[in-house]
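Residue numbers (the UniProt record's numbering): 1 to 277.
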């Protein structure tokens, strides 16, 4: 119970910090319609209430707000975005794809990609540490078969542990959040864990960040089917496919992945399902 209480206290403290940070967003002017006696538009002050985006429309609106504030409060927007990203990653909350797209919309494709990779690796490492301190016994208790399988495969591939973790990141054999909380049980060294996350999720982060950057530039359906946009989509597809193909080729030659499937199921769970029928 002490570990659960400690984790809950950290989550509550992080939530309060993030709320206070977003609640003190600097005020910014907006253009209002000119009055009947005014020749120039009058600047009004408007306050925004920020929240995590849940769909593309909310993502676009939030990106416009933060891009507006970034002109005069760059450091504040960077701190706010980084804090929100680390919050989601550290506590294994869903929504990283939308935040990656938001990074591309606010900071552009290349700085957005750099931020996404560093924040993903840092947040995943915080999740790794939280699991190591508070949750290792619960992970083993809740997912005994999956943890046992990963332990066996990690030991079989101990000499190529970094490439084993890379292959797990490139291909959806198991969810990323589950790997983050399970790696302490597997006795994965933290430097190897950090680098495998940072490098292994580059294709995924690039796709999301570049998509967010493109969404911020597209104003009509005609823009989607322009030659420039189609070329960018082709480049995104190549970036996603080529590293995965190389890792898969290396894995087939050097890694022992038998018993693990792309949907995260295992031979153990499939055998149990057959027995239950």
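Every residue gets a Cβ at the ideal spot worked out from N, C-alpha and C, and that includes glycine. For clarity, every value in this text was computed on a predicted model and none was experimentally measured.
Can you tell me whether residue i is buried or exposed, with buried defined as 16 or more other CB within 10 angstroms of its CB?
{"i": "residue 87", "result": "buried"}
{"i": "residue 205", "result": "buried"}
{"i": "residue 79", "result": "exposed"}
{"i": "residue 190", "result": "exposed"}
{"i": "residue 110", "result": "exposed"}
{"i": "residue 125", "result": "buried"}
{"i": "residue 113", "result": "buried"}
{"i": "residue 200", "result": "buried"}
{"i": "residue 203", "result": "buried"}
{"i": "residue 187", "result": "exposed"}
Please look up how many angstroms separate the CB atoms of residue i and residue j, rounded, as I've assumed it's under 8 angstroms.
{"i": "residue 7", "j": "residue 142", "result": "With 8 angstroms as the limit, residue 7 and residue 142 do not qualify as a contact, their Cβ atoms being about 14 angstroms apart."}
{"i": "residue 63", "j": "residue 102", "result": "6 angstroms"}
{"i": "residue 197", "j": "residue 169", "result": "7 angstroms"}
{"i": "residue 25", "j": "residue 50", "result": "6 angstroms"}
My output table needs one value for residue i: the three-state DSSP class, helix, strand or coil.
{"i": "residue 205", "result": "helix"}
{"i": "residue 72", "result": "coil"}
{"i": "residue 16", "result": "helix"}
{"i": "residue 51", "result": "coil"}
{"i": "residue 31", "result": "Because residue 31 sits at a pLDDT of 47, beneath the cut-off of 50, its placement in the model cannot be relied upon, and the following sentence gives the value as read from the coordinates. Here residue 31 sits in strand by DSSP."}
{"i": "residue 92", "result": "coil"}
{"i": "residue 182", "result": "helix"}
{"i": "residue 6", "result": "helix"}
{"i": "residue 144", "result": "helix"}
{"i": "residue 211", "result": "helix"}
{"i": "residue 125", "result": "helix"}
{"i": "residue 174", "result": "coil"}
So, does the CB of residue i fall closer than 7 angstroms to a CB anywhere in chain B?
{"i": "residue 117", "result": "You won't find chain B in this structure, because it holds only one protein chain."}
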